[in-house]
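**Q**
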Ligand SMILES: [Zn+2]
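Numbering (the numbering used here), first residue to last: 80 to 296.
1) Using 7 Å as the cut-off, classify the Cβ of residue 230 as near or not near the heavy atoms of ligand 1, replying yes or no.
2) At a cut of 8 Å, does the stretch 166 to 175 reach the stretch 248 to 256 through at least three beta carbon pairs?
3) For residue 165, is the beta carbon positioned less than 7 Å from some heavy atom of ligand 1?
4) Report the three-state DSSP secondary structure of residue 200 (helix, strand or coil).
5) Quick check on residue 82: buried or exposed, where buried means 16 or more other Cβ atoms within 10 Å of its Cβ?
6) Within 8 Å, do at least three Cβ pairs link the stretch 203 to 217 to the stretch 180 to 188?
7) Scan the stretch 227 to 283 and note each continuous alpha helix (DSSP H) run of 4 residues or more that stays entirely inside, going in chain order.
8) Tell me whether residue 238, by its Cβ, gets closer than 7 Å to a heavy atom of ligand 1.
9) If we ignore side chains and look at the alpha-carbon of each, how far apart do residue 217 and residue 146 end up?
10) Kindly indicate which three-state DSSP category residue 210 falls into: helix, strand or coil?
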């Protein structure tokens, strides 16, 4: 098991947080918690918080930080988080980080480590725009990392491959801009608290994963 247990994953879109944390899940029992999952659970349960959140979601508005933090806090109080957790995609802003701190204090806990997945912007854009999806079966390929055997054709079902609108260049640039403005201030925030550990996410995934395991031990 790892020494570091209460974890936050931080990094720009395209840094491979999702891939690396999926690899981590195979050898650690720490629950992996993303805000999307929390939203779905609370809304399905029909809890008070879930209902509040749903109102914003239905109007196409951002759910306020206070509600997200409270939902995250109540998720972290569940049994499976008693020995630790991996938070992915939250906090996204300094304000959310401050609220998270308060939520953790309620149960006498604090973060052990914030892992910052760092990669150059050019590489991030390359990764974000290289995805191809099969029209028939939905499987993903990648023009750079996982090319189909035959160009434009799905290996699995022979379906046609296409680029989803959210994988376009404009969307990638925009997602990185939002990250830069809203989320990147968290790097200095957690550095000040001596919680930040940086991983080179520009490497092939096996190498980044080895680096990740090193900081957790
Ligand atoms: Zn297919």
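Heads up, the beta-carbon is just placed ideally off N, CA and C, and yes, glycines get one too.
**A** Answer, in terms of the structure:
1) no
2) no
3) no
4) helix
5) exposed
6) no
7) 248 to 257 and 264 to 271
8) yes
9) 33 Å
10) strand
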